[in-house]
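Visitor:
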Amino acid sequence: MGLLLGCGGVAGASEGPDPYRRCAACHLVDGTGVPGLFPPLAGHVERYFSTPEGREYLGRLVIGGASGAIEVKGVRYAGEMPAVVADLSDAEIADLLNGLVRRFGGGEAKPGRLFSGRDVSRMRAAGRLTREQRASLRKSALAGAGQP
Numbered sequence: 121m122g123l124l125l126g127c128g129g130v131a132g133a134s135e136g137p138d139p140y141r142r143c144a145a146c147h148l149v150d151g152t153g154v155p156g157l158f159p160p161l162a163g164h165v166e167r168y169f170s171t172p173e174g175r176e177y178l179g180r181l182v183i184g185g186a187s188g189a190i191e192v193k194g195v196r197y198a199g200e201m202p203a204v205v206a207d208l209s210d211a212e213i214a215d216l217l218n219g220l221v222r223r224f225g226g227g228e229a230k231p232g233r234l235f236s237g238r239d240v241s242r243m244r245a246a247g248r249l250t251r252e253q254r255a256s257l258r259k260s261a262l263a264g265a266g267q268p
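Going letter by letter, the sequence shown gives residues 121 to 268 in my numbering.
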């Protein structure tokens, strides 16, 4: 059973750059997350930027949200990630994803790896990932990035 958690009002959330502030409310300004509740972005999401599957996984997760359990660095997270970017344009979501690349992906993204509004439009049209799609895409992304 998933746990729906509201992320608004977390201390320090307003300190993050907009639109990352939407993510920082749960994942914290420094991206460390909250063990058992909200997975870390720092030291974790960078592995998704290097493969097409990883970029698809990350983009569609941000766009559509997610529910169900996930394990990150040996810690289980069971809850809901709301689609907190639904009111943003495709270009704004691309900016948010590129901000994640810069913030947690080891600095500057390599040419051709930045997200575009067109990428976001395609991912948005594909819809929210099912649990099965999410698990399969995540597994492929991590395998492609040389991760277990």
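For glycine and all other residues, C-beta sits at the position ideal for the given N, C-alpha and C.
Given the structure is predicted, the values throughout are model-derived calculations rather than measurements.
Are the region 250–263 and the region 191–198 in contact at 8 Å, needing three or more beta carbon pairs?
Guide: no
Visitor: From this set, Gly163, Pro172 and Leu234, which residue's C-alpha is nearest Gly264's C-alpha?
Guide: Reading the sequence shown from its first residue, position 144 is the one you call residue 264. For the residues Gly163, Pro172 and Leu234, the minimum Cα distance to Gly264 belongs to Pro172.
Visitor: Using only CA atoms, which one of Arg180, Asp210 and Asp215 lies nearest to Ala246?
Guide: Translated into the one-based positions of the sequence shown, residue 246 becomes position 126. For Ala246, the nearest C-alpha among the options comes from Arg180.
Visitor: Spell out the partners DSSP gives Phe158 in its beta bridges.
Guide: By 1-based counting over the sequence shown, the position of residue 158 is 38. Per DSSP, Val154.
Visitor: From Thr152 to Asp215, what does the alpha carbon distance come to, in whole angstroms?
Guide: Locating residue 152 in the sequence shown gives position 32, where the first residue counts as 1. Locating residue 215 in the sequence shown gives position 95, where the first residue counts as 1. The straight-line gap from Cα to Cα measures roughly 21 Å.
Visitor: Could you pull the start and end residues of the alpha helix (DSSP H) that Glu166 belongs to?
Guide: What you label residue 166 is simply residue 46 of the sequence shown in a count that begins at 1. Neither: Glu166 is in no alpha helix (DSSP H) and is coded neither H nor E.
Visitor: Rounding to the nearest angstrom, what Cα-Cα distance links Leu148 and Gly156 in this structure?
Guide: Indexing the sequence shown from 1 puts residue 148 at position 28. Indexing the sequence shown from 1 puts residue 156 at position 36. Take the alpha-carbon of Leu148 and the one of Gly156: they are about 14 Å apart.
Visitor: Which residues bound the beta strand (DSSP E) around Arg196?
Guide: Locating residue 196 in the sequence shown gives position 76, where the first residue counts as 1. In the DSSP annotation of this structure, the continuous segment of the beta strand (DSSP E) that includes Arg196 starts and ends at Val195 to Met201.
Visitor: In the DSSP assignment, find the unbroken alpha helix (DSSP H) run with Val240 in it and report its ends.
Guide: What you label residue 240 is simply residue 120 of the sequence shown in a count that begins at 1. Per DSSP, Val240 belongs to the alpha helix (DSSP H) from Gly237 to Ala246.
Visitor: Indicate whether at least one CB of chain D lies closer than 9 Å to the CB of Val154.
Guide: The displayed structure is made up of one protein chain only, and chain D is not part of it.
Visitor: Along the beta strand (DSSP E) that carries Val192, what are the first and last residues, could you check?
Guide: Sequence index remark: in the sequence shown, residue 192 carries index 72 (1-based). Its beta strand (DSSP E) spans residues Ala186 to Val192.
Visitor: In whole angstroms, give me the CA-to-CA distance for Ser209 and Asp239.
Guide: Taking the sequence shown and counting its residues from 1, the one referred to as residue 209 is at position 89. Taking the sequence shown and counting its residues from 1, the one referred to as residue 239 is at position 119. Rounded to the nearest angstrom, the two C-alpha atoms are 12 Å apart.
Visitor: Assign Val221 to one of three DSSP states: helix, strand, or coil.
Guide: What you label residue 221 is simply residue 101 of the sequence shown in a count that begins at 1. Here Val221 sits in helix by DSSP.
Visitor: Using the C-alpha atoms, what's the distance from Phe235 back to Leu217?
Guide: Against the sequence shown, residue 217 aligns to sequence position 97. Against the sequence shown, residue 235 aligns to sequence position 115. Each residue's Cα considered, the two are about 7 Å apart.
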